[in-house]
Structures are given as structure tokens and as C-alpha cells.
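Inspection log for the structure reproduced underneath, given as C-alpha cells.
Protein chains: 2
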Amino acid sequence: MSKDLMPNRYTPGEVALPKREAELIARRDSVLGSSYRLQYRQPVHFVRGEGMWLYDPDGRAYLDFYNNVPSLGHCHPEVNAAMAEQAGRISANTRYLEPKLVDYAERLIDTFPDELNRVVFTCTGSESNDLALRIARLVSGNEGVIVSSYAYHGTSAAVAAVSPNLGDAVKLSPSVRMVSLPGPEGVPEAQAADFFEAQIRAAIQDLKRRGIGVAALLFDSIFSSDGVWVDPLGFIAGGVNAVREAGGLIIADEVQPGFGRTGDHMWGFERHGIVPDLVTLGKPMGNGFPIGAVVGRKTPMELFGRTARYSNTFAGNTVGIATADAVLTILQRDHILQNALAMGQRLRNGLEELAHRSPGIRGIRNAGLFFGVDIGLAGEPPASWRAMALNVVNAMREDGVLISTTGANEDSLKVRPPLICQAEHVDLFLASMERALLAS
Amino acid sequence: MSKDLMPNRYTPGEVALPKREAELIARRDSVLGSSYRLQYRQPVHFVRGEGMWLYDPDGRAYLDFYNNVPSLGHCHPEVNAAMAEQAGRISANTRYLEPKLVDYAERLIDTFPDELNRVVFTCTGSESNDLALRIARLVSGNEGVIVSSYAYHGTSAAVAAVSPNLGDAVKLSPSVRMVSLPGPEGVPEAQAADFFEAQIRAAIQDLKRRGIGVAALLFDSIFSSDGVWVDPLGFIAGGVNAVREAGGLIIADEVQPGFGRTGDHMWGFERHGIVPDLVTLGKPMGNGFPIGAVVGRKTPMELFGRTARYSNTFAGNTVGIATADAVLTILQRDHILQNALAMGQRLRNGLEELAHRSPGIRGIRNAGLFFGVDIGLAGEPPASWRAMALNVVNAMREDGVLISTTGANEDSLKVRPPLICQAEHVDLFLASMERALLAS
């Protein structure tokens, strides 16, 4: 299947649009590059956000169970106040001494295992992964990168070239190797670790035979774009060791699982009991303010820093730092991880009950508040599963609930609400999903 | 000369530091990656900014004649109010309809020649150049990129690989070719266009012979990192035509000259009477908020957009858009370009008078409020010029005025004040520079 187009998207002519939205889309199309995609058969149109909710111009509320950037909810007043206060005081760059940058760097590092004790700031998760690849390639002296079959790591040229999820239209690097995951291949959990390690060792062998060598294993520990494959815990450890033996670095892409999304830990890699060499941060770090980071072990970070100059104009500016600092304070003070864990469990229980009552749920996987829910009727062909998943997503959108799809066949629902969601939101979501399954 | 280290930097042990700064640096070094550099022999330490001024913890004011990100001045209250107001309302992403994104895209496009009528947003100038290279390579089917000898275009892997300014520690791409500029080579103005075109044609020929082909000429129209080479007007036109004939695209990197820095035009390429295929924006676009863009002709933008998926989580978010919209409003309403032109002329006149009175100024080049001022005594060796430039920069820092160095030999002062500067600031700057020249 070609994955160059996202299936959950607006296609001109597919549905009749209200005049207001049709006109706005026409204006969009005449000024924005055509790389922009709108989600849903009938695009959504929002003018206000608050907490778990987004509002259209008519005041209709949509429950957001999809956006993992505003982890603390849309328009968080305390985060915004910190941003505005700092913007009125100073926005220094990192070539000047400014104490807030250092204060926050120390606080951030404190959330990591001791070995991970250096940070470089960026503006986006793509920049974080791009920088991590630069570091890994310089430090290892190798070029090869190992990723999962449907990995997506970002938009820069170097990162897009190791993101098979972008499909045929974006050329892969000759030095990237994809490894299958045990879950989607139906490998039993007891054999998952061996399966993964064997895949990694074969990729390393191939990279070595071609003189490319392995620079890094780059992975998102919940494998979100592969369809959310979070278990069994520790299944990646043997593969990690194999890459290290071959001189490669381990890069944990925490753009999706990081900052408490999994509920049980601040960082997704901790679930697997490993400590990476480099960790990349993005999305929820500033609850929407463009800020990311690479956190790493001292040795590779120093080796890179002493040789290559890396200066990122906006990254580490004091406004972004103050915003991220407020996010971290709230995450810790308001026990957001515990909430993510509790609400994740409530949602999982509800989905399991729903799977008993309704046909159409083939599997449920989650870590905290990141869910992959496989849709489709057993015995039917996978194309029908994809169609049904798309129908569920669009029926829920009509019903005022936002989610989307993921996975190799795009037949899994991708569900990742802001981490502040409460029982009432989980219950609203489950009721909407039950209606959508019945209608799809 | 190796250019991997910026000459105007703090070197541990070179000067004795006050306890407060020494402690802050020690804390920085133990948490930040060592790729971070501090400017000046004695680093500056700022905790407040306002308009043209930055303030240290003791309340001492420093006149900012260096930072081209806060073009409207530090902590502009109207820009910040727009940002805060929008952050309290909604920060939508580009997969949802939201009218402000379209409104701003239309306003931005209106500032360009008619042929440039599509925009894709990014978060940084590096992301803009990275995306422009992806587009040029996909559209041309070629890989080669032509840049100037000391070009700097950003930090991503793909962009750093075409940025010779980063020095030996950052490997250049096998498909990049550097061309000398007529100015630094001492070519008379009457022969500048032919010289540049011949360089470009030779680079194209070499790229073709190796089967690489030319994807793009990527240039900053004021060649800031080469030492600010702004004249003669139109000298790049023949080279531009040669690249087009060979199937390459023209990418104007407007991160430095754009948004009115040159005073005479909104965009630096306009000074040379050409219309590029792609234009990349960054630094001053949001007066400090991380936002950038690629503006381009319809055909390449559509061709890229139809095939490759490009989704940038933070880019085009409504808070960044509202901030950039306020910047554009103020630029136009407050006649900031006219001010840049007038103050640029005042500064130029002052520098020319200073050059008559004081030895040590070998040349003055500017477009609006971007200046390169060559320092050094005629007849002395270039190493002494570099040392003198560094002394001037650091003497002015001691005197409370911020600038830095640029150019192949780093012997030119890089002077680029916020565009709101007034006559009093220009006069303060000139007086400080005269003192620094006498002392250096």
C-alpha cells in the first residue's frame, strides 16, 4: 500500500461543504502550498480552544482525543501567563548568559536517568531528530540508521529520508534499514525480543557488508506510526545491545511518548528498561510553543559539540524556556502522569467492555493515554478494516469527537487525548465510539 | 583558516570573570551540550530587554546593534499582546480550518512579486532552507547545490552540508559547489556580473560532468556571512539565468535580508532585479517567535506538494501566525522600511566621516541597516585585521554596545541593529565605535 497520502483527509468533491468552509478552503488553496492536508472527509473549522475542547465558529464543541501537543489542554492559562510574562521581560538567545535557560536545563535533566545529563535545545521534534542523527553519525563515524517498518521521525531532508511512513514519494536514504516489529507480524510475546534482535542483527550485517556501518537505532518506544506497539516490556533490549556492539548509538524519539504520555514514566524508553545515548523531545514540551531538545550522554554530546558548531537562532530563547518550564512545573505539581495512568486504565477498561458488546474492535493496545485500537470484522479483508476505521473516525468527527488512524494498513484508531482528561471525557468518548461502531 | 570556531567567543581562562557569571557558566557547562558558544571575551548576561536595549542584572544598559531577530525591538508590547491574546483563544494546527492562517498567508504573499504566490510555513530559517532544498531536488531531479564561498544557511543536516561557513568539522555534501564572489576577490564592479556568471557556469559544468546536475542556486542576496557584499546591484542576474538554463531552481535565502532589513525593499532579492523560484524566511518574521516560511512559485510548490507529504506540527500554528501578523502590520503601518533606509544612511555617513578621522576602517558596505565594516590598518597582514576587529567588538561590548564579526577572515564588523533604531542610537553607536578604534 502506498502511504504517501493520509487516508483520513479531505478530498475535494467527496462531500458537499457549507459555503463558509468551501470559501475558506478555496482561499487556502490559492495561497498555501499543496503539501497541506486537511483532516476528515468534512474538514473541521475551529476558532476557540479550552482544555479538552475545540469550538467551531457556531460555538459547537468538539472533544479533543487526538492532539498530543497541548498535553495540558488547549490554551492553558498558567502556561500562557508564563509565556506572556517572559515575553515582556526578555527573550535572550543562548549566546548570552541568562539564568532561566540554565535553571530549566537542570530541571529537565533531573527527570532523566543519571547517564543522560546534557541538553541542546531545538525548535521542533524534526530538528531534534535531525540533530541526533548528525551527532550519531559524527560520533560513530558510520552512516547507517535502523528504524521500524512504518517509522515517522519528522520533516527535514535527513529525517524524512529515514521515515518510511512518508511513502514512495519521499525517497529513502540508501543507508536506512527498516526492521519489522514482532507485534504486527503476529510473533508471540515470548519470542518478541528474539525476533526483534534477529531483525536488528540482520540489518547491521547488511549495513556492514556495504561499508555503511550503523550510526544509530532510531525508534519511538511506543512505535506510534507503526500502529502503537507498546508490549511486551523490554522486547527491544537485545536489539539495543546489538546496535551498541556494532558501534551505533541508541536514539529514543520521545516526541510522542515523552513528557508523561505513557503515565507510568516520564519517558517512554524507561518502560523498556534501557538507557539510550540520545533522546529527542518535541511536541508537548511547550504545550504548543515551538520547542524541542536533544538530551544525551556526556561523551557523544561533548564530542559533537567540540568539533561541530551548532547554533539555532530561536532554540533556547527565554520565552520558549519559560513556557516549557511552566509545563514541567504543572506536569509535576498536578500529578499529570498519575492522571494519565488512571484515565488510560479507565479508557482501556471501557474499550474492552465495548469490544465485548460491539463487533468491530479486533485489538486494543495502549501505554497510558496513547491508544491504538484495531478496527474491522474478523474474517473480512484488511481493506474493509481500513475503510471501517476511516468510517469510525469520520462518524465520531460528525458526533463531535476528534481522533484519527494509524498503522501499516491505517486500520487502527489513533487515540491520544490531552493528559488532563477526566472520567467524564473518557465516558463521552466511549459513548461516541459505540455509536460510531454501530453506524460503520 | 579553519572557521569551525567563532572568533568572537568566550574562551575559558582568557579573562577573569565576576563570581556571578563564573558560577552561571559552570552550571551551564554541566548541563548544556558543548556545542553552545558564548559571545565576547567576557560574556554578556542579560535579564531584561526593551526596544534597542538589553539590561544586565545590575541594571546596566547595552545598546543592541547586533540582533536582527527582534527587528521591531526587544519585547515589543504590541507584538506580545497579539501573541498572548491568540494564545488565550486558540492555537490550531494547519490540518484544521482556521481563518487567521489564510488571512496572514494572503497578506504575506501580497508583499512579493506576483509570481511568488504560494507559502508553506516552518518554525525556523533552517527548516525553511531544508524544505526549499527538498523541493528543488524533487522538482529538478538533480542533487547539486551552488552556494557562495562562506555561505551559512542553517543547522539541519542537509543545510549544514551546504554551509561552508561551518568549517572543516562539518562535512560538506559531495554535491555542493562553492563560488567566489566578485567583491572579496577584488573584481572591479564593471566586471562583477561576468565574474559571478563565469563562476556559476563552471560549477554547473562540473556538476553535470559528475552526473549530479544542478538543483539550486542558494544564496543570501546580501551575502552576510561572506562579509556583507551587497553591490553592484544586479551582479547575480547572469548567474541566475545560467542556473535556470541548466534546470536548477533559484532559492533566495531571505532569513537575513528579508522583512525590510535593506530598507529599500521588503525582500533583498528585489534589489538585484530578479524573481527567485523559492524564497526562505525566518529570523525577524515573528520578532522572536519561532516562525519561518518558504514562499514560492506555484509550479514547484504544487509539484512538491502533490507528491511528498510535508507536515510540520508547530508550523503555521495560530499563535505564531498572529504574532507574525502583528509584526507585518507594524512594519507597514509604522514605515519601518523608510526608517531602516534613513538610519542606514545616517550610520553610513557617520562611518564614512569616522573613516576619514580614524585609521582602521578599510571599507564600508551596507544595504539599509545591515553593515559590513572592514577593520584593519592598510599594509598590515590580514591576521592583524582579524585581531583588530575582535578588539573593536570587545571594546564596544565593554562600552555597552553589541556587535560581532563576519567575513572569510572575520575582519569585518557585522552591524545590524533592530530596524526601529533612531538617530540618537546611531550617534551613540558611532561615538562608541570611535572610542573602540582608538583603543584597538
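Those protein sequence lines, which keep their order, are chains D and W. Just so we're aligned: the first sequence equals residues 1 to 440 in my numbering. Just so we're aligned: the second sequence equals residues 1001 to 1440 in my numbering. The C-beta atom is built at its ideal place from N, Cα and C for all residues, glycine as well.
Per DSSP, residue i is paired with what?
i: HIS74/D; result: GLY51/D
i: HIS441/D; result: Residue 441/D lies beyond the residue range present for chain D, which begins at 1 and ends at 440; the question has no answer from this structure.
i: ASN1287/W; result: PHE1289/W
i: GLN1199/W; result: Per DSSP, none; premise fails for GLN1199/W.
i: ALA1061/W; result: TYR1055/W
i: SER412/D; result: ASP374/D and THR406/D
i: MET343/D; result: Partner(s): none; MET343/D has no beta bridge.
i: PHE112/D; result: Its beta-bridge partners do not exist; DSSP assigns none.
i: MET433/D; result: DSSP output for MET433/D lists no bridge partner at all.
Is the distance from the Cβ of residue i to the Cβ of residue j below 8 Å?
i: PHE1370/W; j: ARG1261/W; result: yes
i: GLY125/D; j: THR318/D; result: no
i: ALA395/D; j: ALA340/D; result: no
i: ASN1312/W; j: THR155/D; result: yes
i: LEU1032/W; j: ARG297/D; result: no
i: ALA308/D; j: LEU38/D; result: no
i: ILE1291/W; j: ALA1326/W; result: no
i: LEU354/D; j: ALA389/D; result: no
i: VAL1044/W; j: PRO1057/W; result: no
i: PHE1065/W; j: VAL1415/W; result: yes
i: ALA136/D; j: ILE274/D; result: no
i: THR122/D; j: ALA293/D; result: yes
i: GLY59/D; j: CYS75/D; result: no
i: PRO1070/W; j: GLY1288/W; result: yes
i: LEU1278/W; j: LEU1249/W; result: yes
i: SER1148/W; j: PHE1219/W; result: yes
i: ARG1306/W; j: SER34/D; result: yes
i: ILE1200/W; j: VAL1176/W; result: no
i: PRO381/D; j: LEU72/D; result: no
i: ASP52/D; j: ILE420/D; result: Reading the sequence as shown, one finds Met at residue 52/D and not Asp. Yes, these two residues count as a Cβ contact at 8 Å.
i: LEU166/D; j: ALA1157/W; result: no
i: PRO284/D; j: PHE259/D; result: yes
i: ALA169/D; j: PRO232/D; result: no
i: ALA1087/W; j: MET83/D; result: yes
i: GLY1407/W; j: ASP1226/W; result: yes
i: TYR150/D; j: ARG397/D; result: no
Applying the criterion that 16 or more other CB atoms from any shown protein chain within 10 Å of the CB defines a buried residue, is residue i buried or exposed?
i: SER2/D; result: Reliability of the predicted coordinates at SER2/D is poor, the pLDDT of 43 falling under 50, and the value obtained from them is presented with this limitation in mind. Under this definition SER2/D is an exposed residue.
i: GLN1256/W; result: buried
i: ALA160/D; result: buried
i: GLU424/D; result: exposed
i: LYS1019/W; result: exposed
i: GLU14/D; result: exposed
i: ARG1333/W; result: exposed
i: ASP1253/W; result: buried
i: ASN67/D; result: buried
i: PRO276/D; result: buried
i: ALA26/D; result: exposed
i: HIS987/W; result: Only positions 1001 to 1440 of chain W appear in this structure, which leaves residue 987/W out of reach.
i: ALA1105/W; result: buried
i: HIS356/D; result: exposed
i: THR1094/W; result: buried
i: ASP374/D; result: buried
i: GLY1239/W; result: buried
i: ASN129/D; result: buried
i: ALA92/D; result: buried
i: LEU347/D; result: buried
i: GLU410/D; result: buried
i: PRO300/D; result: buried
i: GLY186/D; result: exposed
Thinking residue i and residue j are a contact (beta carbons under 8 Å), I'd like their distance in whole angstroms, please.
i: VAL228/D; j: ILE222/D; result: 6 Å
i: VAL1401/W; j: SER1432/W; result: 4 Å
i: LEU1024/W; j: LEU97/D; result: 5 Å
i: ASN80/D; j: VAL393/D; result: Not confirmed; about 30 Å, so no contact.
i: ASN1366/W; j: VAL1230/W; result: 7 Å
i: LEU116/D; j: GLY316/D; result: With 8 Å as the limit, LEU116/D and GLY316/D do not qualify as a contact, their Cβ atoms being about 18 Å apart.
Using 8 Å as the threshold, is the stretch 137-152 of chain D in touch with the stretch 209-217 of chain D, meaning 3 or more CB pairs across them?
yes
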